[in-house]
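Peer 1: FYI, the UniProt record's numbering numbers position 118 of the sequence shown as 118, with every residue one higher than the one before it.
Note that beta-carbon positions come from the ideal geometry of N, C-alpha and C, so glycine has one too.
Everything numeric in this text was worked out from a predicted model, so none of it was measured.
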Amino acid sequence: MHVDCTPELVVIEFSSSETMSGRKFRKHRYTKISLHQMAWLQTSLLQSVQVSRIYPSDSKHFVDMCIKTSMKEVLEEWQSTTAQTNVSNAALDSQHLHAFLLKHFHDPGRDLVTLELQPRVPDFIDVINPRSLSEFALEVHKLWQVLYREVSTSVHHHPQNHTMLPLPRPFVIPGDRFREVYYWDSYWITLGLLASDHTDVALGMTHNMLTLVDLFDHVPNGSRTYYVNRSQPPLLSSMVAACYQARASKQLLEDALPRLIKEWEYWCEGTCGGKAVIVTDDSGKQHRLSRYCADWEEPRPESYREDLEIASSLQSEEAKRKLYHNLASAAESGWDFSSRWLKDGHTLSTIRTTQIIPADLNGLLHRTAAHISSFALEIGDQALSNAFKIKAEELNEAMKQLMWNNEQGCWSDLLLDADHCPALAAPQEAAKSAETLSAAHVTELSGTVGQRSHATSATVPAADCTVASPRLGEDSPSTTSQCTTDACVTAGLIITTGPSPTLAVCTGRQLSGRVYASNWVPLWCGCCQPGSAEAESAVRGLVGSGLLQPGGIMTSLYDSGQQWDAPNAWAPLQHMIVCGLRQCGVPHGEALAAELASRWIKANYLGFHATSQMHEKYNARAPGKIGGGGEYSPQVGFGWSNGVLLEFLRMYPDQNTLNA
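Here is the structure:
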């Protein structure tokens, strides 16, 4: 391995002889790209382009463009141009701006290469009934070829000219404007690839995610530099579990475990300021829970103009920074946007994402802890398995005490009382974010990991909260249990079962009474025992929720105009809830799962028959009709829709009742 360090660039270069999981790579360059290296995203150039509406349809267009010349030339000429026209911090006229962009930038797409995917027909397609549905499944299966990519050589050799991160292996993109990898999309894409017998591609997708954890201590929202300030719903352990089920490689678990532990720390141990909080229950007992809390308080580069417009009604800079922080945190949730995050249920300027402890996020973290425990046991590390079994049990108990809604038969989001909680983690300044990122350690995937560097925990104003030193309810000294696997030892990872970084305590909270499909995601995450009274109640609650529609499970009961609300239905929610019903141990739950899967299959079939496309979202009230709303036009492709459709047909191949 060769490491080349310059003031602007830190690169790890692997030779073709170095391996991970026994698989040889071609030569790759792993680049630690910090925000200051994408300097053109931090100058008045970004504002000038976005405000000018020179690319009117989508703010994402500009930040996905590639530099033709060099970063140095772009910055020098931009400074010279703005100085000559005496508009150093304002937009140039469109003629000057257009000429500048033509000279220095390529249109989006130059950082990707379309690859050929080995043709194959998975066995399950032949047993699907009726035949028209089997033919439909084959057409969707062929879409993997349309969406199969790798990053260009320019991204590896000149990463400073791109916002694309240099992923080592090929991948499947969601489609349309989403021309890069997205974290939570990748789980359902992986399931679809496994169903389609593209196991190597699915493993490659998973290894890309592990690479990103090594680089950033978390999986970013997407594989662009402007996404590294936030993550998305944590599904990496579920990707590993799916791949391990398809190809039982203990080496995969050895590789994954230290990275999954890093991700757990990012969300739950206070190593990333603001995500983990302490909440007290009615008895005064303290519980640790997590929330979405992006490390960002400016307009999102990919939605710059849209964020400015939302903030235009606010007067103070502090109020605008808080708004930008909550918008980015909602993007981290994947639910961008929804009445779920809005105080008044419909106005984006009332967004309060960081004031909410989401039921689904904490369910997914419970699932992650349970996976880590299971993986550790599989490779013979009893101590690590026990440590994470305890963590899973503690989180499950916290959700039971604080989030279970007995009236509605579900796990509801928890609303934090701003008067009795932390400053709802004032985000770090963007400059600090860049500094933290550029100072972060450089790692390699072969197992040797440098000393880790974490962002400091958010400062908590004394006036707004008290401070605890978890482990919860203990004042005793820290005790540790060493992860004994080779991968963990070389990574220097120690699983702490004693006090962790200080976290703020929230003493004021209430259950949200709003109804969202996310309220039933914990059923999939194993947050109740199969066949239990709680499982029975959850099934009854879902049936009576009003969310079950002819075209699938509706996202919410609220027609807010946002895309993560009524009447839209989304593939990932269908899958998590259907699988939760299948495993809940309640007979009528299993029957309901089959019925809901059939409704979703029919909706996808009708939509494809009408448009010859698979869509990002659908209308739950009208099977086959496309979903709408949100800050961008409806998208086609579409990775997770394809994955869930194929997985449902693999699970339920007999659809002879399909009336289409």
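Which one of R288, E397, S641 has the shortest CA to CA distance from T502?
Peer 2: The candidate whose alpha carbon is nearest that of T502 is R288.
Peer 1: Tell me whether Q655 is buried or exposed, calling it buried when 16 or more other Cβ atoms sit within 10 Å of its Cβ.
Peer 2: Q655 is buried by the Cβ-count criterion.
Peer 1: To which residues does DSSP link F105 through a beta bridge?
Peer 2: Bridge partners of F105: I67.
Peer 1: Which class does Q286 belong to by DSSP, given the choice of helix, strand or coil?
Peer 2: Here Q286 sits in strand by DSSP.
Peer 1: Please name the residue, chosen from I278, S532, P258, A331, that lies closest to G630 on a Cα-to-Cα basis.
Peer 2: G630 has its Cα closest to that of A331, out of I278, S532, P258, A331.
Peer 1: Should L253 be labelled buried (16 or more other beta-carbon atoms within 10 Å of its own) or exposed?
Peer 2: With 16 or more other Cβ atoms within 10 Å, it is buried.
Peer 1: Do the segment 321–329 and the segment 294–312 make contact, defined as three or more Cβ pairs closer than 8 Å?
Peer 2: The segment 321–329, when compared against the segment 294–312, does touch it at the 8 Å Cβ threshold.
Peer 1: Helix or strand or just coil, what does DSSP make of residue 663?
Peer 2: Given a span of 1 to 660 for the chain in the structure shown, any question on residue 663 remains unanswerable.
Peer 1: Whole angstroms is fine: what's the gap from L112's alpha carbon to E150's?
Peer 2: So the alpha carbons of these two residues sit roughly 6 Å apart.
Peer 1: Which of helix, strand or coil does DSSP assign to T114?
Peer 2: Strand.
Peer 1: Reducing DSSP to helix, strand and coil, say where Q510 ends up.
Peer 2: Note: Q510 maps to strand in three-state DSSP.
Peer 1: Expressed to the nearest angstrom, what Euclidean distance is found between the alpha-carbon atoms of V515 and T69?
Peer 2: Their backbone Cα atoms lie some 51 Å apart in a straight line.
Peer 1: Sorted by chain position, which residues of the same chain lie with C-beta nearer than 6 Å to I577's C-beta, five sequence neighbours on each side aside?
Peer 2: W520, I553.
Peer 1: List the DSSP bridge partners of G175.
Peer 2: DSSP lists F178 as partners of G175.
Peer 1: List in chain order: all unbroken alpha helix (DSSP H) runs of 4+ residues lying wholly within the segment 204–289.
Peer 2: Counting only runs of 4 or more, we get 236–246, 250–268.
Peer 1: Identify every residue that forms a DSSP beta bridge with S633.
Peer 2: According to DSSP, S633 bridges with nothing at all.
Peer 1: Can you check whether the CB of Y183 is closer than 8 Å to the CB of P220?
Peer 2: Contact flag set, yes.
Peer 1: Given that a residue counts as buried once 16 or more other Cβ atoms are within 10 Å of its Cβ, and exposed if not, what is E180?
Peer 2: Looking at its Cβ environment, which holds 16 or more other Cβ atoms inside 10 Å, E180 is buried.
Peer 1: Quick check: what's the CA-CA separation for S545 versus Q286?
Peer 2: If you take the alpha carbons of S545 and Q286, they lie about 31 Å apart.
Peer 1: With H, G and I counted as helix, E and B as strand and the rest as coil, what does DSSP make of I626?
Peer 2: In this structure, I626 counts as strand in the three-state DSSP scheme.
Peer 1: Which same chain residues end up closer than 7 Å to residue 661 when comparing Cβ atoms and leaving out the 5 residues on each side of it in sequence?
Peer 2: No statement about residue 661 is possible, as the shown extent of the chain runs from 1 to 660 and does not include it.
Peer 1: Can you tell me the Cβ-Cβ gap for A603 and G551, rounded? I've got them flagged as a contact below 8 Å.
Peer 2: Contact flag correct, Cβ pair sits at about 4 Å.
Peer 1: Give the straight-line distance between the Cα atoms of R650 and D336, rounded to the nearest whole angstrom.
Peer 2: Rounded to whole angstroms, R650 to D336 spans 30 Å at the Cα level.
Peer 1: Rounding to the nearest angstrom, what Cα-Cα distance links V240 and F375 in this structure?
Peer 2: The straight-line gap from Cα to Cα measures roughly 9 Å.
Peer 1: For a test of the three-state rule: what should DSSP assign to Q50, helix, strand or coil?
Peer 2: Three-state DSSP puts Q50 in a helix.
Peer 1: Quick check: what's the CA-CA separation for W264 versus P258?
Peer 2: Near 10 Å, if we compare the C-alpha coordinates of P258 and W264.
Peer 1: How would you label N129, buried or exposed, when you count the other beta carbons within 10 angstroms and need 16 or more for buried?
Peer 2: Its Cβ having fewer than 16 others within 10 Å, N129 is exposed.
Peer 1: Per DSSP, which residues does G552 bridge with? Please list them.
Peer 2: BP columns for G552 point to Q549.
Peer 1: Taking three-plus beta-carbon pairs below 8 Å as touching, is the segment 160–169 in contact with the segment 612–630?
Peer 2: No, the segment 160–169 does not touch the segment 612–630.
Peer 1: For the structure I just gave you, are there three or more beta carbon pairs, one from the segment 162–177 and one from the segment 56–68, closer than 8 Å?
Peer 2: Output reads yes: the segment 56–68 touches the segment 162–177.
Peer 1: Does the pairing of the segment 555–565 with the segment 588–600 give three or more beta-carbon distances under 8 Å?
Peer 2: Counting Cβ pairs under 8 Å, fewer than three are found: no touch.
Peer 1: Counting only runs that start and end within the segment 299–342, where is the alpha helix (DSSP H) found for 4 or more residues in a row?
Peer 2: With a minimum length of 4 residues, the continuous alpha helix (DSSP H) runs that stay inside the segment 299–342 are 304–311, 317–333.
Peer 1: Contact between the segment 354–367 and the segment 395–403 is defined here as three or more beta-carbon pairs at a separation below 8 Å; is this criterion met?
Peer 2: Touching, per the Cβ criterion.
Peer 1: Can the beta-carbon of Q529 be found closer than 8 Å to that of A535?
Peer 2: It is a contact, given that the beta carbons lie within the stated cut-off.
Peer 1: Is the beta carbon of L115 closer than 8 Å to that of P170?
Peer 2: It is a contact, given that the beta carbons lie within the stated cut-off.
Peer 1: So, helix, strand or coil for E616, using DSSP?
Peer 2: Note: E616 maps to coil in three-state DSSP.
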